[in-house]
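Undergrad: Just dropping this structure here.
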Amino acid sequence: MTCQFRCGNACAHDVPNTSDNPYFGDILSAVFSRRGALRAGALGTLVATAGVAGAFPAVAGTGHTPATGRRGGLGFTAVAPNSADALTVAAGYASSVVVRWGDPVLPDAPKFDFNRQTAAAQAKQFGYNCDFVTFFPLGRDRGLLWVNHEYTDENLMFRGWTSGDTAPLEQIKIGLAAHGGSIVEVERAGRTGQWKLVTHGRRKYNRRITAQTRMVFTGPAAGSALLKTAADKHGTTVYGTLNNCAGGTTPWQTVLSGEENWNQYFVGGDGVPEAQKTYLARYGVSTTTSIPSGNRRFDRVEERFDLAKHPQEINRFGWIVEVDPFDPHSTPVKRTALGRFAHEGATTTLARDGRVVVYMGDDGRFEYIYKFVSKDRYIPGYDRHNRDLLDEGTLYVAKFTGDSPAAEIDGSGTLPKDRAFDGSGTWIPLVSGKKSYVTGMTAQEVLVYTRVAADKVGATKMDRPEDIERNPVNGAVYVALTNNSNRTAAQADEANPRSANMHGHILEIVERWNDAGATTFAWSIPLVCGDPADPSTYFAGYDKSKVSPISCPDNVTFDAEGNLWISTDGNALKKNDGLFAMPLSGPERGRVRQFLTVPYGAETCGPLITPDQLSVFVAVQHPGEITGATPDNPFSHWPDGGSSQPRPSVAVAWHRQGKKIGS
Ligand code: FEO
Ligand code: CA
Ligand code: CA
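Anchor point for the sequence shown: position 506 equals 506 in the UniProt record's numbering, and the numbering is continuous, going up by one each time.
Structure follows, in structure tokens:
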């Protein structure tokens, strides 16, 4: 059921990337010695010293691990894999629900009533299927949460729902209103790490953004002929954001939200002009069917979702959206300089010279890893300048090269003779403002059809690149590659070394001189996920009898010690998804431990450790979403228990004695 509603059964269709790009690049000698990053400071340093060169020391040049010598500071006992319909946290910790689907966001939101939903109510209530979570402190005991609402599961939201073709129009409108994002004010409970939704007072920042909210385009593709429609002759204004998956937070305190599987919301792909069909197909849109099965039929209430009538409306989705959480009247902005693909997230860091760097994954089988580097530098405190930094810069795509002979990478996951999946890589420029680096494509075409551009320059096909984040302690960049069961042994390469990759892996990138603005890097794989008893797994060389099984890494974050926290989506080991922690340095490097499990049928999203380290937020997406479940036969009753309907919710966990998360 998740497959149908989240991505329109993408895995059941042909892989849209039919380019002959390498699965494995030429064997080049490393452009520089691999890893050796050093610890630079505590969490927060990155933003606090933003713009100051040297937030991370340069890579030493001869080191072979990013070890800092610190123990990593993890002290909890792992939660055992389970199938409970509960949020289970490590011993010594407590958890609670912060905000559920249907809870009030705007002060005048009506009380949620599952059996009497309306679109007007949903537009004021917390949306469905929460994903990316970020937190903006308002002093010590208050804060704002931004939460993405990735997709709707009408089959669980409405009794008797059969299909978008026959659903009452009001239900389709509720679906539109349940997408987008929410901004809610939260407050600390006493002096604990628990946070609660503020349900009283003005809540002046609270806001719902939906699939109908007015937004504008900025950057080099704004106003492009490719973005013009009958309703928007200028190609500068669009209504709504769709399938917002992961995201990021900028140093100037705005939210970046990624439009991911937006291709599934349109019908009429068979009716577009022939010249457009190649591009549609590259983005996974059927060009042979009029109404793909399982389509929500948004076109029944808004004609723009019919490609046969409005072929370019779809070009207006697939972007990174920037939202200012501190101005509820601000217009969200789709930043075209960041390219258009199935954006998982967009996390920012600074280059050594203060330029802003955004790392982005394109979540599809055999898709690519991107980064954007701004033209101008970030100036702390000068928000009028910073606000438009993401409109001008260079978009790059990654090419990975292994350092072991191709014959040693056989798809089994067996380490090559040098005992590491590792190598070097290059960031290949695609476009810089109005300048295209791709033969035969204009700059605007590169930005609107970024996948096609990346195909042409020989980017490396990856195993579903999801969240990509820079470690605030060692400066290395970590990529979650969720899985790719389609990769064959012949297609295995050192960066994607396992065929039929059911469980995914984590890639570590060390930019040259530890400078996020660099155009070359070293990389290695510290974690190949799965059941540790499976010989194809690798836990950075750590004793596999002492680690937790982990499958399908999706989102990542870090604690103040620089430990990697990983949330999972789609555990192929047939247990519930969860949140895991793994030290990246010292003798515990590779010791994966499960910190929490989410309820039956749910995935774990948006892990976020608060700056004070006392709380971790997780989004519990699609509880009970198991094929066969309906409101008359729910497979989960989380979070309200009893015979209640499951409700996607953001939860928080904290240590009962006020210790730091991971202690
Ligand atoms: Fe929405 Fe790539 O997970
Ligand atoms: Ca190697
Ligand atoms: Ca995700």
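C-beta atoms are modelled at their ideal positions from N, C-alpha and C, and glycine is treated no differently.
Mark Y449 as exposed unless 16 or more other C-beta atoms lie within 10 angstroms of its C-beta, in which case mark it buried.
TA: By 1-based counting over the sequence shown, the position of residue 449 is 449. Buried is the call here.
Undergrad: Look up N17 in the DSSP assignment and say whether it is helix, strand or coil.
TA: Taking the first residue of the sequence shown as 1, we reach residue 17 at position 17. The answer is coil: DSSP assigns N17 none of H, G, I, E or B.
Undergrad: May I have the straight-line CA-CA distance separating A453 from Y437, to the nearest angstrom?
TA: As a first step, residue 453 is located in the sequence shown; it is residue number 453 there, counting from the start. As a first step, residue 437 is located in the sequence shown; it is residue number 437 there, counting from the start. Between A453 and Y437, the C-alpha separation is close to 9 Å.
Undergrad: Once you ignore the five residues that flank S19 on each side, which residues in its own chain have a CB closer than 6 Å to its CB?
TA: Taking the sequence shown and counting its residues from 1, one reaches residue 19 at position 19. Same-chain partners within the cutoff: D455.
Undergrad: Note down, in chain order, each residue of its chain lying with its Cβ closer than 6 Å to the Cβ of F76, except the 5 sequence neighbours on either side.
TA: Along the sequence shown, read from residue 1 onward, the residue named residue 76 stands at position 76. Correct list, in chain order: A90.
Undergrad: Using only CA atoms, which one of A109, Y265, P251, F400 lies nearest to N206?
TA: If you number the sequence shown from 1, residue 206 lands on position 206. For the residues A109, Y265, P251, F400, the minimum Cα distance to N206 belongs to A109.
Undergrad: Rounding to the nearest angstrom, what Cα-Cα distance links F132 and V301 in this structure?
TA: The residue given as residue 132 occupies position 132 in the sequence shown. The residue given as residue 301 occupies position 301 in the sequence shown. Each residue's alpha carbon lies about 28 Å from the other.
Undergrad: If you compare alpha carbons, which of A94, K417, D270, I320 is closest to residue 667?
TA: Absent from the model: residue 667. The displayed extent of the chain is 1 to 663, so no value can be given.
Undergrad: I'd like to check one pair, G423 with W565: are the Cβ atoms closer than 8 Å?
TA: Taking the first residue of the sequence shown as position 1, residue 565 is located at position 565. Taking the first residue of the sequence shown as position 1, residue 423 is located at position 423. The answer is no: Cβ separation not under 8 Å.
Undergrad: Which one of G541, G662, Q613 has the shortest CA to CA distance from Q594?
TA: Reading the sequence shown from its first residue, position 594 is the one you call residue 594. Selected option, being the one with the closest Cα: G662.
Undergrad: Of all the beta strand (DSSP E) runs that stay within the bounds of the segment 504 to 588, which reach a length of 3 or more residues?
TA: 505 to 511, 520 to 528, 553 to 558, 564 to 568, 578 to 582
Undergrad: Look up residue 664 in the DSSP assignment and give the residues it is bridged to.
TA: Only positions 1 to 663 of the chain appear in the structure, and residue 664 is not among them; the question remains open.
Undergrad: Helix, strand or coil for D363? Go by DSSP, reduced to three states.
TA: Locating residue 363 in the sequence shown gives position 363, counting from the first residue. DSSP places D363 in coil when its eight states are reduced to three.
Undergrad: Check whether the Cβ atoms of A540 and P526 sit closer than 8 Å, and answer yes or no.
TA: Position 540 of the sequence shown, counting from 1, holds the residue named residue 540. Position 526 of the sequence shown, counting from 1, holds the residue named residue 526. Yes, they are a contact pair.
Undergrad: Mind reading off the beta-carbon distance from N261 to Y283? Whole number of angstroms is fine, and I expect it under 8 Å.
TA: Sequence index remark: in the sequence shown, residue 261 carries index 261 (1-based). Sequence index remark: in the sequence shown, residue 283 carries index 283 (1-based). Between Y283 and N261 the Cβ distance is about 10 Å, and since that is not below 8 Å, they are no contact.
Undergrad: Evaluate the contact criterion for the segment 362 to 370 versus the segment 460 to 471: three or more CB pairs, one atom per stretch, below 8 Å.
TA: yes
Undergrad: Look at the Cβ atom of W146, then the Cβ atom of G181, and state whether they are nearer than 8 Å.
TA: Position 146 of the sequence shown, counting from 1, holds the residue named residue 146. Position 181 of the sequence shown, counting from 1, holds the residue named residue 181. Yes.
Undergrad: Determine the direct distance from the alpha carbon of P532 to that of G235, and round the result to whole angstroms.
TA: What you label residue 235 is simply residue 235 of the sequence shown in a count that begins at 1. What you label residue 532 is simply residue 532 of the sequence shown in a count that begins at 1. Cα to Cα, G235 sits roughly 51 Å from P532.
Undergrad: Who are the near neighbours of T519 in its chain, counting only those whose CB is closer than 8 Å to its CB and skipping five residues on each side?
TA: Start at 1 with the first residue of the sequence shown, and residue 519 comes out as number 519. Excluding positions up to five away in sequence, the list reads Y396, T426, W427, P429, R512.
Undergrad: Shorter than 7 Å, the distance from the beta carbon of D362 to the closest heavy atom of ligand 1, or not?
TA: Mapped onto the sequence shown, residue 362 falls at position 362. False, no ligand heavy atom lies under 7 Å from that Cβ.
Undergrad: Leaving out the 5 sequence neighbours to the left and right, which residues in its chain are closer than 7 Å to S548 when beta-carbon positions are compared?
TA: Position 548 of the sequence shown, counted from the first residue, corresponds to residue 548. Cβ-Cβ distances below 7 Å link S548 to A78, F580, V592, R593, Q594 in the same chain, with the five nearest sequence neighbours on each side left out; the list follows chain order.
Undergrad: Comparing alpha-carbon positions, which option in S615, I609, D543, H622 lies nearest G570?
TA: Within the sequence shown, the letter at position 570 stands for residue 570. Selected option, being the one with the closest Cα: H622.
Undergrad: Considering only residues of the same chain and omitting the five flanking positions on each side of A30, which have a CB-CB separation below 6 Å?
TA: Numbered from 1 along the sequence shown, position 30 holds the residue referred to as residue 30. Low confidence applies here, because A30 scores a pLDDT of 26, under 50, leaving its location unreliable; read the following figure in that light. So the qualifying residues of the chain are D403, S424.
Undergrad: For ligand 2, I want to know if F136 counts as a neighbour, meaning its beta carbon is within less than 7 Å of at least one of the ligand's heavy atoms.
TA: Numbered from 1 along the sequence shown, position 136 holds the residue referred to as residue 136. No, the beta carbon of F136 sits no closer than 7 Å to any heavy atom of ligand 2.
Undergrad: Have a look at T162 and N295 and give me their C-alpha separation to the nearest angstrom.
TA: Within the sequence shown, numbered from 1, the residue matching residue 162 stands at position 162. Within the sequence shown, numbered from 1, the residue matching residue 295 stands at position 295. Distance between the alpha carbons of T162 and N295: 11 Å.
Undergrad: Does the beta-carbon distance from A516 to T349 come in below 8 Å?
TA: Within the sequence shown, numbered from 1, the residue matching residue 516 stands at position 516. Within the sequence shown, numbered from 1, the residue matching residue 349 stands at position 349. Result yes, Cβ atoms of A516 and T349 sit closer than 8 Å.
Undergrad: Report the residue from D640, G586, G628 whose alpha carbon sits nearest the alpha carbon of G73.
TA: Taking the first residue of the sequence shown as position 1, residue 73 is located at position 73. Per the Cα distances, G586.
Undergrad: Determine the direct distance from the alpha carbon of V616 to that of D577, and round the result to whole angstroms.
TA: The residue you call residue 577 lines up with position 577 of the sequence shown. The residue you call residue 616 lines up with position 616 of the sequence shown. Here the alpha carbon of D577 sits roughly 16 Å from the alpha carbon of V616.
Undergrad: With a CB to CB cut of under 7 Å and the five nearest residues on each side skipped, what residues in its chain are close to P639?
TA: Taking the sequence shown and counting its residues from 1, the one referred to as residue 639 is at position 639. So the list reads V97, R100, R647, S649, once near-sequence residues are dropped.
Undergrad: Can you tell me whether V184 is buried or exposed, with buried defined as 16 or more other CB within 10 angstroms of its CB?
TA: The sequence position of residue 184 within the sequence shown is 184, counting from 1. Its Cβ being crowded by 16 or more others within 10 Å, V184 is buried.
Undergrad: Using beta-carbon positions only, say whether A211 and G247 come within less than 8 Å of one another.
TA: As a working mapping, residue 211 is identified with position 211 in the sequence shown. As a working mapping, residue 247 is identified with position 247 in the sequence shown. For A211 and G247, no; Cβs fall outside 8 Å.
Undergrad: Near ligand 3, which residues have their beta-carbon less than 7 Å from any of its heavy atoms, given in chain order?
TA: D131, C245, A246, E344, D363, E466, D467, D554, N555, D569, C605
Undergrad: What does a CB cutoff of less than 6 Å around R304 pick up in its chain, not counting 5 residues either side in sequence?
TA: The residue you call residue 304 lines up with position 304 of the sequence shown. Once the five neighbours on either side are set aside, the close Cβ partners of R304 are H310, E313.
Undergrad: Only counting the same chain, and skipping five residues up and downstream in sequence, which positions put a Cβ closer than 7 Å to that of V198?
TA: As a working note, residue 198 is residue 198 in the sequence shown. Correct list, in chain order: E185, V186, E187.
Undergrad: At a threshold of 7 Å, does F421 count as lining ligand 2 (C-beta to nearest heavy atom)?
TA: Mapped onto the sequence shown, residue 421 falls at position 421. Using a cutoff of 7 Å, the CB of F421 counts as near ligand 2, since one of the ligand's heavy atoms is closer than that.
Undergrad: Can you tell me whether K309 is helix, strand or coil according to DSSP?
TA: Taking the first residue of the sequence shown as 1, we reach residue 309 at position 309. The DSSP-derived three-state label of K309 is coil.
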